[in-house]
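Mapping of the sequence shown onto this note's numbering: position 172 corresponds to residue 252, and the numbering continues sequentially without gaps.
Glycine included, each C-beta is placed from N, C-alpha and C at the ideal position.
Okay, structure first, notes after.
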Amino acid sequence: MSHGAEPAPECAEAPPGLPRSTLADTVLERLTLLYPTAADPVRARSAAAYMKHVAPFLGIPTPRRRALSRSVLEGTPRPDEQDCVAIALRCWALPEREYRYFAADYLRRHVARCSSGFVPVLRRLVTTEPWWDTVDTLAAHVAGPLVAADPELLPTMDEWIEDDDLWIVRTALLHQLRFKETTDAHRLFAYCLRRADHPDFFIRKAIGWCLREYAKTDPQAVRDFVDGARDRLAPLSVREATKHLR
């Protein structure tokens with residue numbers, strides 16, 4: 081693929097210890113060729129500051145990044161699970177955050193190609209330089225569909241809600257975010273109560289968020305739960321949960 085630019089950097093090939101995949105070779109070569117052409121150093125500094133300097137950025141606006149992603153994927157075949165693993169881990173190995181956004185979007189699109197065997201990779205993605213920007217997509221659009229497709233993963237979520245890593249806990253809380261009428265309300269409420277006293281903002285916010293989202297499906301259930309647990313839930317969680325409840 082030639083655009084009259086410099087050859088793709090060495091990182092387009094699988095670094096030692098990361099999975100190999102012919103599809104990943106193609107995707108990473110195109111990705112590391114095209115994304116830097118849209119880099120904006122000023123925007124990159126602003127984005128890094130907004131994200132508390134968790135990682136460097138290229139500074140590509142979201143609409144432009146998604147247009148480039150479409151060019152990267154033009155004509156590529158559907159992946160299998162090994163391709164998804166390779167693309168995700170190899171994107172995560174690159175420093176700039178936009179490569180992880182590409183991988184998260186890719187997994188969201190192709191999560192149905194993955195089995196419960198993807199969960200160890202998911203955990204690695206969630207816990208590597210974590211912040212809400214990548215974790216929330218992985219929770220709602222990767223962890224959630226994996227659990228929905230294989231209920232045998234529910235014990236894994238039950239383990240994750242007890243985890244010491246706050247981002248794993250947040251993933252467990254948010255994995256049902258898009259389940260709507262198929263939400264396991266008992267499990268959702270139990271998770272919220274289990275971590276109600278967590279001191280971190282991101283957990284308290286996630287509790288309120290998942291309750292607020294479920295309230296769109298069953299507002300009375302959420303209202304009753306919050307009323308009964310108000311003395312246990314953090315004020316932030318209550319405020320977020322009841323934001324759109326009268």
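Contact check, V302 vs L325 under 8 Å by CB: the rounded distance?
Residue numbering aside, residue 302 sits at position 222 when the sequence shown is read from its first letter. Residue numbering aside, residue 325 sits at position 245 when the sequence shown is read from its first letter. Indeed they touch by this definition, with Cβ atoms about 7 Å apart.
Hey, would you say C194 sits closer than 7 Å to C164, going by beta carbons?
Start at 1 with the first residue of the sequence shown, and residue 194 comes out as number 114. Start at 1 with the first residue of the sequence shown, and residue 164 comes out as number 84. Yes, Cβ-Cβ distance for C194 and C164 is below 7 Å.
Distance check for T297 and E261, CA to CA, integer angstroms please.
Mapped onto the sequence shown, residue 261 falls at position 181. Mapped onto the sequence shown, residue 297 falls at position 217. Near 6 Å, if we compare the C-alpha coordinates of T297 and E261.
Let me know the secondary structure DSSP gives R275 once reduced to three states.
Looking up residue 275 in the sequence shown gives position 195. DSSP places R275 in coil when its eight states are reduced to three.
With C-beta atoms as the reference, is A220 less than 7 Å away from L254?
For the purposes of this step, residue 220 is identified with residue 140 of the sequence shown, where counting begins at 1. For the purposes of this step, residue 254 is identified with residue 174 of the sequence shown, where counting begins at 1. Yes; because the gap between Cβ atoms is below 7 Å, this pair is in contact.
Could you tell me whether the region 202-209 touches the region 166-183, using the rule of 3 or more Cβ pairs below 8 Å?
Enough Cβ pairs lie closer than 8 Å, so yes.
Where do the ends of the alpha helix (DSSP H) carrying P210 lie?
The count along the sequence shown starts at 1 and reaches residue 210 at position 130. Segment: none, P210 is in no alpha helix (DSSP H) and carries neither H nor E.
Go ahead and label Y130 buried or exposed: buried means 16 or more other beta carbons lie within 10 angstroms of its beta carbon, across all protein chains shown.
Mapped onto the sequence shown, residue 130 falls at position 50. Exposed, because fewer than 16 other Cβ atoms sit within 10 Å of the Cβ of Y130.
Here's a check: name, in chain order, each residue in its chain whose Cβ is nearer than 7 Å to the Cβ of R180, leaving out the five neighbours to either side.
The residue you call residue 180 lines up with position 100 of the sequence shown. Here the set comprises C171, W172, T214.
Express the C-alpha separation of H278 and L138 in angstroms, rounding to a whole number.
Position 58 of the sequence shown, counting from 1, holds the residue named residue 138. Position 198 of the sequence shown, counting from 1, holds the residue named residue 278. Rounded to whole angstroms, L138 to H278 spans 34 Å at the Cα level.
Find the nearest neighbour of A309 within the set A270, K323, A184, W289, judged by alpha-carbon distance.
Residue mapping note: residue 309 aligns to position 229 of the sequence shown, counting from 1. If we check each option's Cα against that of A309, A270 comes out closest.
Report the three-state DSSP secondary structure of A134 (helix, strand or coil).
Residue mapping note: residue 134 aligns to position 54 of the sequence shown, counting from 1. The residue you asked about is not Ala; residue 134 is Val in the sequence shown. Correct three-state label for V134: coil.
Only counting the same chain, and skipping five residues up and downstream in sequence, which positions put a Cβ closer than 7 Å to that of D264?
The residue given as residue 264 occupies position 184 in the sequence shown. Around D264: Q256.
List the whole-angstrom C-beta distance separating Y186 from L148, where the pair is believed to meet the contact cut-off of C-beta under 8 Å.
Within the sequence shown, numbered from 1, the residue matching residue 186 stands at position 106. Within the sequence shown, numbered from 1, the residue matching residue 148 stands at position 68. With 8 Å as the limit, Y186 and L148 do not qualify as a contact, their Cβ atoms being about 13 Å apart.
Hey, quick one: how far does the alpha helix (DSSP H) through G347 stretch, first residue to last?
Because residue 347 is not part of the residues shown, which for the chain are 81 to 326, the question remains open.
Since S196 and D230 are thought to touch, with beta carbons under 8 Å apart, how far apart are those beta carbons, to the nearest angstrom?
Here residue 196 refers to the residue found at position 116 of the sequence shown. Here residue 230 refers to the residue found at position 150 of the sequence shown. That pair is a contact at about 5 Å.
Assuming the contact rule is C-beta atoms closer than 8 Å, L313 and A276 should be a hit. Round their C-beta distance to whole Å, please.
Indexing the sequence shown from 1 puts residue 313 at position 233. Indexing the sequence shown from 1 puts residue 276 at position 196. Yes, L313 and A276 are in contact; Cβ-Cβ is about 5 Å, under 8 Å.
So the alpha helix (DSSP H) H190 belongs to, where does it begin and stop?
Translated into the one-based positions of the sequence shown, residue 190 becomes position 110. Segment 177-190, the alpha helix (DSSP H) holding H190.
Just mark R158 as buried or exposed, buried being the case when its beta carbon has 16 or more other beta carbons within 10 Å.
If you number the sequence shown from 1, residue 158 lands on position 78. R158 is exposed by the Cβ-count criterion.
On a Cα-Cα basis, can you pick out the residue from V107, A192, R250, L226 that is closest to L153?
Here residue 153 refers to the residue found at position 73 of the sequence shown. Residue V107 is the option with its Cα nearest to L153.
Along the alpha helix (DSSP H) that carries L253, what are the first and last residues, could you check?
Numbered from its first residue, the sequence shown carries residue 253 at position 173. Counting along the chain, the alpha helix (DSSP H) containing L253 begins and ends at 246-254.
How long is the line joining the alpha carbons of E242 and T251, rounded to whole angstroms?
Numbered from 1 along the sequence shown, position 162 holds the residue referred to as residue 242. Numbered from 1 along the sequence shown, position 171 holds the residue referred to as residue 251. About 11 Å.
To the nearest angstrom, report how far apart R123 and T142 are at their CA atoms.
Here residue 123 is taken as the residue at index 43 of the sequence shown, counted from 1. Here residue 142 is taken as the residue at index 62 of the sequence shown, counted from 1. When rounded, the distance between both Cα atoms is 12 Å.
Going by DSSP in three states, A88 sits in which element: helix, strand or coil?
What you label residue 88 is simply residue 8 of the sequence shown in a count that begins at 1. Note that A88 has pLDDT 38, beneath the 50 cutoff, so the model's placement of it is unreliable and the number below is only indicative. Here A88 sits in coil by DSSP.
Using the Cβ count rule (16 or more neighbours within 10 Å means buried), how would you classify A295?
Translated into the one-based positions of the sequence shown, residue 295 becomes position 215. With 16 or more Cβ atoms within 10 Å of its Cβ, A295 is classed as buried.
Taking all protein chains shown into account, decide if R100 is buried (16 or more other Cβ within 10 angstroms of its Cβ) or exposed.
One-based indexing of the sequence shown puts residue 100 at position 20. Exposed is the call here.
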